[in-house]
Amino acid sequence: SSLESITIPDSVTFIGDYAFLLTGILEAHMGRNVKSIGDYAFASCEFLKTLTISDNLKNENIGDRAFTYYSTYSSSYPPTSIRKIIIPETVQSVASDIYNLNSVNEFDVREADTTPYLDDNGVLYDKDTKTLVRYPSCKWNDTNDYTILDWTETIGEYAFYTCYVKNVTIGNKVTTIGNCAFESCSS
922 SSLESITIPD SVTFIGDYAF LLTGILEAHM GRNVKSIGDY AFASCEFLKT LTISDNLKNE
982 NIGDRAFTYY STYSSSYPPT SIRKIIIPET VQSVASDIYN LNSVNEFDVR EADTTPYLDD
1042 NGVLYDKDTK TLVRYPSCKW NDTNDYTILD WTETIGEYAF YTCYVKNVTI GNKVTTIGNC
1102 AFESCSS
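In this note's numbering, the protein residues as written are 922 to 1108.
What follows is the structure, given as structure tokens:
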């Protein structure tokens, strides 16, 4: 029997280097006070599918390859393959290192009046849907087509970065397409 789920309590502020490296963990739920994650903390957790992020986690506090793969001079291990990122209702900002993970196929926003985000079928938007923040890299549907919501005005930086999407329909209200918005789309 291996560790399947971990709930990190609110009392924890730092997840150390290599903390969960190469574990068979399926779910990780961070307490609201986790402010930083060490190098390789969740690296090569190939079965990790669901990650609930912390309120206080910022890009500058996410260690090197915290959610990717681990390798040594003689061995290379599979990458972490997080599929679903849960954004609690108390989160005010999502670190781009989190939403740019290449294995994600769904963002799940737990909405409240104070939440600055919402999701539309797993696609991350700001609360008023004027900005498309991130289309999940591994989101699939029958046609791999996506229609941006009619009232969206901005496609954010790296919004479709490394995505598997063939056709994107952009509405007439879009006035801004951010830097690298469609960079490295494979379809």
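The beta carbon of each residue, even a glycine, is placed where N, CA and C say it ideally should be.
Small disclaimer: the values here were computed from a predicted structure and weren't measured.
If the five residues before and after Y1046 are omitted, its C-beta is found closer than 8 Å to the C-beta atoms of Y1038, L1039, D1040, T1052, L1053, V1054, L1070 and T1073, all from its own chain and listed in chain order. Taking C-alpha positions only, E981 is separated from V955 by approximately 13 Å. Runs of the alpha helix (DSSP H) spanning 4 or more residues and lying entirely within the stretch 1006-1090 occur at 1017-1020, in chain order. Counting every other CB atom within 10 Å of its CB across the protein chains shown gives A1033 a total below 16, marking it as exposed.
Taking 9 Å as the cut-off, the beta carbon of A1080 is found no closer than this to the beta carbon of G1092. Taking every protein chain shown into account, the CB of P1057 has 16 or more other CB atoms within 10 angstroms, so this residue is buried. Beta-carbon to beta-carbon, T1001 and A964 are separated by about 6 Å, close enough to satisfy the 8 Å threshold. For T971, the uninterrupted beta strand (DSSP E) segment begins and ends at T971 to T973. Excluding its 5 nearest sequence neighbours in each direction, L947 has C-beta neighbours in its own chain below 8 Å: E925, S926, F968, L969, K970 and T971, listed in chain order.
Rounded to the nearest angstrom, the gap between the Cα atoms of T944 and K1094 is 46 Å. One thing to note: I974 has its Cβ within 9 Å of the Cβ of I1019. Around the Cβ of K1087, a 10 Å sphere holds fewer than 16 other Cβ atoms; the residue is exposed. For secondary structure counted as the beta strand (DSSP E) over 3 or more consecutive residues, the stretch 926-961 holds these complete runs in sequence order: 926-928 and 948-950. When C-alpha distances from Y939 are compared across Y991, K979, I1006 and M951, the shortest belongs to Y991. At the C-beta level, P930 and G952 come within 9 Å of one another. Residue environment: C966 is assigned as buried (16 or more neighbouring CB atoms within 10 Å of its CB, all protein chains considered). The beta carbon of P999 is closer than 7 Å to those of S965, E967 and Y990 in its chain, skipping five residues each way along the sequence. Relative to the Cα of E1104, the nearest Cα in the group C1084, T1097, T1090 and V933 belongs to C1084. Residue nearest to K1060 within the set I1076, N1042, S996 and G1077 is N1042 (criterion: CA-CA distance). For E1078, the CB contacts under 7 Å within the same chain, skipping 5 residues up- and downstream, are G1099, N1100, C1101 and A1102 in chain order.
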